[in-house]
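The sequence shown begins at 92 in our numbering and counts up one residue at a time.
Glycine included, C-beta positions come from ideal geometry on N, C-alpha and C.
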Amino acid sequence: MNWQAIKGDFKRYLQLERNLSPNSIDAYLNDVQKLEAYCGFKQISLDSVDTKTIQQFLVFINDYNISPFTQARLLSGLKTFFSFLQIEYERKDNPAHLLESPRLNRKIPSVLNIQEIDALIAAIDVSTPEGTRNRAILEMLYGCGLRVSELVALKISNLFLDVEFIKVEGKGNKERLVPIGQQAIKYLRIYLDEIRGRMPIREEYADIVFLNRRGKQLSRVMVFLIIKDLAKKIGLTKPISPHTFRHSFASHLVEGGADLRAVQDMLGHESITTTEIYTHVDRDYLQSVITQFHPRSDRTRHKKES
């Protein structure tokens, strides 16, 4: 079996069958290239790769002190690759199938409270065109729980503000409808009408919502810098990024009593498990749930007795 030809077919499979993003495709191909290099070093043909080979490969990789998360992602990539070989090349087995990923201790990302979000927004100078745009950006990040990649790719044709929804193109080009609140609508309309509407815009960016001063699509890096500058301005020492607003969006919804499935849909997660990890529920909220709903709590017993 020819590695180069197979990798080309695998890439097309990931693009057409799995509909993955370019970044994800590059990650999968990088995993396969690592295995290819190892097999070349050990003089093992692809046909001869078995479970023991994969195990030895993972031990070899581990000697380079890669993180458990990277190991888990690598193993997941190899499982997908050999599954592809079963489908397209009639390979009989998947040698990576029965191997378990290392346990991951997922850290809950930093979350902002309402006061911190208000302080960041208040620090924006809305007397400038960039400030008006940045206010709309923060309102969208926190009000809709968008990924930064989804924010910068947001299209005017996907805004349905009259019915308070936007259409978001997420990972793998998967589309979802996300509700948008009145505050976000207010500042988005101000930006669109008073700032963007008066800008010279290049034709290829005519449908993109957020632009820089030269009329081009705003970059992800620029959004990071905007948020970092605001955090520095108010003396916020927490680690903060655009992702922090997404996590805060989900966390505050759950703490307010939102259904986890609804939050999952709004975030665009395929698995509810991802949403459970993503959302942070504080102890006060958990205590209030127990107090309100548990049959042995004093409040519940009092209701029944009365």
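Given 7 Å as the limit, tell me if residue i has its C-beta closer than that to any heavy atom belonging to the ligand PLP.
{"i": "Thr-161", "result": "The ligand content of the structure shown is nil, which means the ligand PLP is not present either."}
Taking the alpha carbon of residue i as the point to measure from, which residue in the options has its own alpha carbon closest?
{"i": "Leu-229", "options": "Ala-349, Tyr-282 and Leu-111", "result": "Tyr-282"}
{"i": "Glu-108", "options": "Asp-320, Lys-170, Glu-179 and Asn-156", "result": "Glu-179"}
{"i": "Arg-267", "options": "Asp-122, Ser-167 and Gly-359", "result": "Gly-359"}
{"i": "Ser-136", "options": "Lys-143, Glu-127 and Thr-142", "result": "Glu-127"}
{"i": "Trp-94", "options": "Phe-172, Asn-153 and Gln-146", "result": "Phe-172"}
{"i": "Ile-276", "options": "Leu-252, Thr-335 and Met-290", "result": "Leu-252"}
{"i": "Phe-336", "options": "Lys-323, Gly-288, Ala-213 and Ile-205", "result": "Ile-205"}
{"i": "Gly-131", "options": "Ser-192, Arg-305, Phe-148 and Thr-219", "result": "Phe-148"}
{"i": "Lys-98", "options": "Val-123, Ser-115 and Asn-114", "result": "Val-123"}
{"i": "Tyr-119", "options": "Thr-161, Gln-134 and Arg-304", "result": "Thr-161"}
{"i": "His-188", "options": "Thr-142, Met-231 and Ser-248", "result": "Thr-142"}
{"i": "Tyr-296", "options": "Phe-256, Leu-169, Ala-244 and Gly-168", "result": "Ala-244"}
{"i": "Pro-186", "options": "Phe-256, Pro-159 and Ser-139", "result": "Ser-139"}
{"i": "Tyr-155", "options": "Gly-348, Gly-168 and Lys-125", "result": "Lys-125"}
Is the distance from the Cβ of residue i to the Cβ of residue j below 8 Å?
{"i": "Ile-271", "j": "Gly-222", "result": "no"}
{"i": "Asp-298", "j": "Lys-246", "result": "yes"}
{"i": "Phe-315", "j": "Gly-236", "result": "no"}
{"i": "Phe-175", "j": "Tyr-104", "result": "yes"}
{"i": "Ile-208", "j": "Arg-226", "result": "no"}
{"i": "Ser-333", "j": "Val-202", "result": "Note that residue 333 is Pro in the sequence shown, not Ser. Cβ distance not < 8 Å, so Pro-333 and Val-202 don't count as in contact."}
{"i": "Leu-321", "j": "Leu-211", "result": "yes"}
{"i": "Lys-258", "j": "Ser-112", "result": "no"}
{"i": "Arg-224", "j": "Ile-286", "result": "yes"}
{"i": "Ile-145", "j": "Leu-165", "result": "no"}
{"i": "Phe-301", "j": "Leu-242", "result": "yes"}
{"i": "Ser-192", "j": "Ala-213", "result": "no"}
{"i": "Arg-289", "j": "Lys-307", "result": "no"}
{"i": "Val-254", "j": "Met-357", "result": "no"}
{"i": "Ile-116", "j": "Lys-102", "result": "yes"}
Name the DSSP bridge partner or partners of residue i?
{"i": "Arg-267", "result": "Val-259"}
{"i": "Leu-250", "result": "Ile-257"}
Could you please give the first and the last residue of the uninterrupted alpha helix (DSSP H) stretch that includes residue i?
{"i": "Pro-220", "result": "220-235"}
{"i": "Glu-422", "result": "Only positions 92 to 397 of the chain appear in the structure, and residue 422 is not among them; the question remains open."}
{"i": "Pro-330", "result": "Segment: none, Pro-330 is in no alpha helix (DSSP H) and carries neither H nor E."}
{"i": "Ala-399", "result": "An answer regarding residue 399 cannot be provided, because it is not within the stretch 92 to 397 covered by the chain."}
{"i": "Glu-207", "result": "205-213"}
{"i": "Asp-350", "result": "Segment: none, Asp-350 is in no alpha helix (DSSP H) and carries neither H nor E."}
Problem set entry | Length-filtered (4 minimum) alpha helix (DSSP H) runs lying within the segment 269-309 | 273-281
For this session: Scan the segment 111-193 and note each continuous alpha helix (DSSP H) run of 4 residues or more that stays entirely inside, going in chain order.
Result: 113-133, 142-153 and 159-179
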